[in-house]
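S.K.: Handing you this structure, nothing more for now.
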Amino acid sequence: AATWPFSTALDVRCAEVEAAFARRDPSKIADLRQKFVNAALRYVGTPYRKLYHDPSNPNYLPGSKLYNAPRFMDEVQLLHHIVDDLKEYFGFVLDFNSTLRHIFRLLPKELREPDQLEPGDLIFYKVAPRPSGLLPGTSRRQGSRLLHVEIFIGGDGGHESVSSLPWLAHERTNRQDGVQRFANYEMDKIADQPVQTIHFRSLRTWLESSETSWVHGKAMEAKRFMN
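Position one of the sequence shown corresponds to residue 2 (this note's numbering), numbered consecutively onward.
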């Protein structure tokens, strides 16, 4: 992981302004996209959650010896770690308590077609509402739910992605648990929940964020823009 070599608020502020200025160069933006993808790929092999490696759990991955792995990481935690690793280039970090919904709303630029995707763009998956159709504990109707996110790579076939999934979430995991590279981002279901909508969101909002941008700073500090 990258270190954060700043001891004072002024040091941090100068680094933020410098990072924002550097990103005005198109070549720097393209370079940061690739850094984003490369940072994700460094986590390949990290298991999803401890419970899938606990022999006493009904969802145990048969034969797994990863119960005492040094780290576990779901798809949102993967994004947290990537941005944290690259904070000297982005000039901001994501709060480690930020959720999938927060991250979705911090990337408002929607791409209408798959051929608009560039390396590092995010792919969000929405599944059907819960069977009751109601939000838990309320009488309000709910729409489709954000359930998963992947990072677009492209690759030789033009559809590759990287993310973290439980080993039994979909056959595309090939019974591997956690962070892995996928040949195709397309999924019809996630853990038997039908995928209703796939959203393509451009990373450009983060790549072009200035030192005064609304995306700048911690995601949880930006909650006032979300509610």
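Ideal placement from N, C-alpha and C gives every residue a C-beta, glycine not left out.
When burial is assigned at 16 or more other CB atoms within 10 Å of the CB, is Gln-181 buried or exposed?
M.R.: buried
S.K.: Would Lys-127 and Leu-101 be called neighbours here (beta carbons separated by less than 8 Å)?
M.R.: no
S.K.: Quick one: using the 10 Å Cβ neighbour count with 16 as the cut-off for buried, is Asp-75 buried or exposed?
M.R.: buried
S.K.: Using a 10 Å radius around the Cβ and a threshold of 16 neighbouring Cβ atoms, would you call Pro-167 buried or exposed?
M.R.: buried
S.K.: Strictly by DSSP, which residues pair up with Leu-62?
M.R.: None, per the DSSP bridge assignment.
S.K.: In the stretch 52-124, which residue ranges form an unbroken beta strand (DSSP E) of at least 3 residues, counting only runs that do not cross its ends?
M.R.: none
S.K.: Please work out which residues of its chain come closer than 7 Å, Cβ to Cβ, to Glu-19, disregarding the five sequence neighbours upstream and downstream, and give them in chain order.
M.R.: none
S.K.: Taking 6 Å as the limit between beta carbons, can you name the residues of its chain near Lys-51, skipping five residues before and five after?
M.R.: Phe-73
S.K.: Specify the secondary structure class of Glu-19 as computed by DSSP and reduced to three states.
M.R.: helix
S.K.: What whole-angstrom Cβ distance do His-54 and Leu-67 have, given they're in contact under 8 Å?
M.R.: 4 Å
S.K.: Taking the C-alpha atoms as reference points, what is the distance between Pro-115 and Tyr-61?
M.R.: Roughly 35 Å between the two C-alpha positions.
S.K.: So what's Gln-197 in DSSP terms, helix, strand or just coil?
M.R.: strand
S.K.: Sort Ile-124, Ala-184, Ser-203 and His-160 by Cα distance to Val-196 and report the nearest one.
M.R.: Ile-124
S.K.: Does Glu-209 come out as helix, strand or coil in the three-state DSSP assignment?
M.R.: coil
S.K.: Look at the alpha carbon of Asn-98 and the alpha carbon of Leu-79, and state the distance between them as a whole number of angstroms.
M.R.: 13 Å
S.K.: Buried or exposed for Lys-110, going by 16 or more other Cβ atoms inside 10 Å?
M.R.: exposed
S.K.: Anyone know if the C-beta pair for Arg-34 and Leu-108 falls short of 8 Å?
M.R.: Cβ atoms of Arg-34 and Leu-108: not closer than 8 Å.
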